[in-house]
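Notes follow once the structure below has been shown.
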Amino acid sequence: MPDAPFRIMHMDLDSGRGKVLEFGDPAEVLGGSGLAAALFEEYGDPEGSWDDPRQPLIFVAGPLTGCYPLMSKTVCAFLSPYHNQYAESHAGGRLALALRFAGLHGLMITGRAKRLSCLTVGTRRIDIYDVDYLRGKDVFGAGKLLRRISRRSMSGHRTILRIGPAGENGSAMACINVDSYRHFGRLGSGAIMGAKNLKAVIIEGDGDLDLPGGKDYNSLYKELFGQLTTTDMMRKYHDLGTPSNLIPLNELKALPWRNLQATTDPGVEGISGEVFAEQLLLRQTACSGCPVGCIHIGLLRQQFAKEHEYLYKQVNYDYESVFAEGTMLGLTKASDVLALLDETEKQGLDVMGAGVALAWATEALDTGLISEEETLVPLAFGEVNGYVQAVAHMGNKSNDFYAALSMGTPAAVAQYGGGDFACVLGQEMAGYATGEVFFAAQTLGFRHSHLDTGAYSYDQKVKEKDAQKAIDFLVKDDVDRIQLTSMVSCLFARSAYSQERLQEALAAVGMTATADNLLESAKKVQRMRWRLKCRSGFDPINAKIPKRFTEITTWKGSIDPEYMEQVRMGYAQAIVAMAAMDEEPETES
Ligand code: SF4
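Residue numbers for the sequence shown follow this note's numbering, beginning at 1448 and rising by one.
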C-alpha cells in the first residue's frame, strides 16, 4: 500500500453521473479530516450558502481504515445549516469499512436529485432510486424499506445512511442516521441530505479489501489488538459504556442538570450507567473493525411503545444522550430517557441539540418569555410526556416557535430572547460543566464538540489559572487529535494511537512518506481547517459565552469569568493566526 492518491467517488445528482477521482497526496492531506477539508477547498464555496445544491456533502475514511482495530470512523464535511460555516461531523457504524470494500476512500455528493431519492454505490454500479414514497417517513420506517432495496448486498459490508422528517424539513439539528445506532449527529448534516433531495445513501461494500501483510504489519496489529482487548485501556467503554461517567461527573459537580441550573443532583441514582445496565441493557454492539463494542442498546418496553401493546424497541444510549435528554431535562428515570431518545431518533434529530434546546425552552416557558401558545404542550423539568411531544414538533416544525427552535437555540433566542440562559457554546453544550477551559474550548472548538480537545480533562487536572498554559494545551491537543481524525480512528482509542504509533502503523502498511510527514502535515491540516471555517464566517474573536456559564459552581468553586475570558480570547487569537498563516499575501496590480 504505497502513498497513492485517494479514490473518491464524485456523484453529481444534477446529471445523475458518478466518476472516481484520484485525489490528494496522503503525505500532504493525510485522510479523514485533512482529506475532507482539501476536497471542500477544491469543490466547495465557503462563502456560499449551505443549501446551494452545488455545495459538496463529503464522506471520507482514512488511509488506515480497515487495517487496524478501531480505525472505524468516517468524517462527514459540509457547510452547516446551523451557522453556515464549514463543519465536520464524525460517525462509526459500517460506513468506513463499506467504503473501503467498495474500493473507495470517500464519497462526495454535489447537485440535487429531481425527486426524493436513494443513492446506491457499489464496486460495479451506481443507482439513484426514486423513493418519494418514503417522504415524511421516520428513521425506523424508512430503514425497514431501505433494507429491502439493498437486500442482495452482503449486510456485513453494507451501510445505510438515512434521514428522518427533520432532515427533509431542513432542520439545523437534523442528523444522518448510520446503520441505526450511530450518527453524524451535530451541526445539521441531515439537512444537507434533505437539500439534495436524498432520503438515503447505501454503500455496498461488494468488493475485496486486501490487507497489507508482512512481518511488521502482522506483529503491530497483534500488539495493538492485545492492548485494546486484554488491558484495562478500553474496559470502561465495553462494560457500562460511557454512561459510567454519570456518577463521577455528578460527584464532581460537573454534570449539567435542568438547563445548567445545577451541576449535581441526587436524582442521578435513577439514570446512572449502573441502573441502565441492571434494568434496561439488552445487548452491546460495535462499529465494523472494532473489537471493543461500546454501543449499548437498551430495551424500551411496551408502556412507552405506544404503537402496540406487546411492542418493545431497542434504543441506543450513551453518556451524552443521557445527559442531554436526561439530566438536562431533569429526568431521573432511565426508562423515561429511553422513551425520549426513541422519539428523537425517529425524527432524525441530533439528541444533544434537541435535549439542550428543550431545556432552554423549559426555562423560557417557566420565566414567561414564551407561553404554551408557542410550545403547544406543557414543558416542565422531570416530565417526559411533554418532551416526547415537543421533539415531534421540532422534527416537523409544527409552528413558528418549533421552526425557529429546530434551527438551533440561537435562532429561537433571536426571536424570543433568553440568551443569558441558553446553554450554547458554539452549538448546544456537551455534558461537561468542568470549568473555564472547557467552556472556552467548546465555544471555539472546530466541531464545537467535547472531543475537539481534552479541555474537560484539563479542567479536572490543572488547578492553576495560567491562561497561556491552557491556550498552548488547546492548540497542541487540537493538532494531536487531527492526526487521529485524519486516519480516521475512534477517539476512544487515543491512548493506543500516539503519534509514534500512528507513524509505525503507516510505515507498516508501506506509507512511509505519510509516516515521515505526519506531524507537519497535521499542522498544515489544522491551518487549512481553521482557514475554511473562518472564510465561511466563523468569528472566534467575537464569540460569546452566555451568562449561565458564569453562574455555576463546580468542584473548584465559582467560575472565574476573567480567567475564562483570557483563555477564550487567547485561543481565539491563536485560531485567527493559524487561519491566516498560509494565505497568499495580497499583491498590488
Ligand atoms: S469504541 Fe465504540 S464508537 Fe469507538 S469504534 Fe468501537 S464501537 Fe465504535
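Even glycine gets a Cβ: it sits at the ideal position worked out from N, Cα and C.
All values derive from a computational prediction rather than experimental measurement.
Proximal residues to residue i (C-beta, below 7 Å), its chain only, five neighbours per side dropped
i     : result
G1463 : I1575
I1694 : V1715 and S1719
Q1726 : A1781
A1827 : T1809 and G1833
L1816 : Y1863, G1864 and G1865
A1684 : One point to set straight first is that residue 1684 is Tyr, not Ala, in the sequence displayed. Excluding sequence neighbours, Y1684 sits near V1739, C1741 and F1939.
T1732 : Y1628, G1740, I1742 and I1744
Y1849 : H1840 and M1841
Q2118 : Here the chain has residues from 1448 to 2036 only, and residue 2118 is not among them.
E1790 : V1835, V1838 and A1839
Inter-residue Cα distance where the pair is residue i and residue j
i     : j     : result
Y1533 : D1797 : 18 Å
R1978 : M2025 : 7 Å
D1577 : T1570 : 21 Å
D1579 : S1564 : 7 Å
G1829 : S1942 : 37 Å
S2036 : A2027 : Unreliable positioning characterises S2036 in this predicted model, as indicated by a pLDDT of 45, which lies under 50. The coordinate reading is nonetheless provided below. When rounded, the distance between both Cα atoms is 21 Å.
P1659 : Q1950 : 15 Å
P1516 : T1676 : 10 Å
Y1944 : T1881 : 26 Å
G1717 : V1769 : 11 Å
A1642 : A1914 : 42 Å
Q1889 : Y1759 : 37 Å
I1988 : S1845 : 36 Å
E1772 : P1449 : 46 Å
P1857 : A1801 : 13 Å
M1456 : M1555 : 6 Å
N-terminal and C-terminal residue of the beta strand (DSSP E) that residue i is part of
i     : result
E1535 : Y1533 to A1538
Q1761 : K1760 to Y1764
Q1731 : L1728 to T1732
R1572 : Element bounds for R1572: n/a, residue is neither H nor E.
D1498 : Unbroken run through D1498: none, as it is neither H nor E.
I1505 : L1504 to V1507
D1459 : F1453 to D1459
I1649 : L1645 to E1651
F1631 : R1629 to F1631
T1557 : G1553 to T1557
H1743 : I1742 to L1747
Three-state secondary structure assigned by DSSP to residue i
i     : result
L1394 : The question about residue 1394 has no answer here: the residues shown for the chain are numbered 1448 through 2036.
A1882 : The amino acid occupying residue 1882 in the given sequence is Gly; Ala does not appear at that position. Coil.
N1843 : helix
L1658 : coil
E1792 : helix
G1614 : helix
N1665 : helix
N1624 : strand
E1927 : Reading the sequence as shown, one finds Asp at residue 1927 and not Glu. Here D1927 sits in helix by DSSP.
H1604 : helix
M1770 : Checking the displayed sequence, the identity of residue 1770 turns out to be Phe instead of Met. F1770: helix per DSSP, three-state reduction.
W2002 : coil
V1871 : strand
T1521 : strand
T2037 : Not covered by the structure: residue 2037. The range shown for the chain is 1448 to 2036.
A1469 : The sequence given here has Glu at residue 1469, not Ala. In this structure, E1469 counts as strand in the three-state DSSP scheme.
C1981 : helix
A1709 : strand
Boundaries of the alpha helix (DSSP H) in which residue i is found, first to last residue
i     : result
M2011 : P2008 to M2028
F1548 : L1542 to F1548
V1803 : V1798 to D1813
K1908 : A1902 to K1908
L1486 : G1479 to Y1490
G1865 : Careful: G1865 lies outside any alpha helix (DSSP H) and carries neither H nor E.
G1637 : S1636 to A1642
H1897 : Here H1897 belongs to no alpha helix (DSSP H), and DSSP marks it neither H nor E.
E1947 : Q1946 to A1955
Chain-order list of residues whose beta-carbon lies under 8 Å from that of residue i (same chain, five-residue window excluded)
i     : result
K1561 : N1644
A1954 : D1663 and A1962
R1582 : L1563, E1615 and K1646
Contact set for residue i: own chain, Cβ-Cβ below 6 Å, skip 5 residues either direction
i     : result
G1855 : Y1529 and A1619
E1821 : F1848
Interface flag, residue i vs chain B, CB-CB below 9 Å
i     : result
I1649 : No chain B is part of this structure, which consists of one protein chain only.
query: Are the stretch 1993–2011 and the stretch 1871–1889 in contact at 8 Å, needing three or more beta carbon pairs?
result: Enough Cβ pairs lie closer than 8 Å, so yes.
message: For the pair the stretch 1472–1488 and the stretch 1521–1532, tell me if three or more CB-CB distances fall below 8 Å.
response: The stretch 1472–1488 is in contact with the stretch 1521–1532.
- prompt: Do three or more CB pairs link the stretch 1736–1751 to the stretch 1763–1776 at distances below 8 Å?
  reply: Contact holds between the stretch 1736–1751 and the stretch 1763–1776, because three or more Cβ pairs, one in each stretch, are under 8 Å apart.
query: Would you call the stretch 1528–1548 and the stretch 1929–1948 touching, i.e. three or more CB-CB distances under 8 Å?
result: Judged by Cβ distances under 8 Å, the stretch 1528–1548 makes contact with the stretch 1929–1948, as three or more pairs qualify.
message: Across the stretch 1590–1599 and the stretch 1611–1618, are there enough close Cβ pairs to call them in contact, namely three or more that are closer than 8 Å?
response: The stretch 1590–1599 is not in contact with the stretch 1611–1618.
- prompt: Is it true that the stretch 1633–1650 meets the stretch 1664–1673, where meeting means three or more beta-carbon pairs spaced less than 8 Å apart?
  reply: Not touching, per the Cβ criterion.
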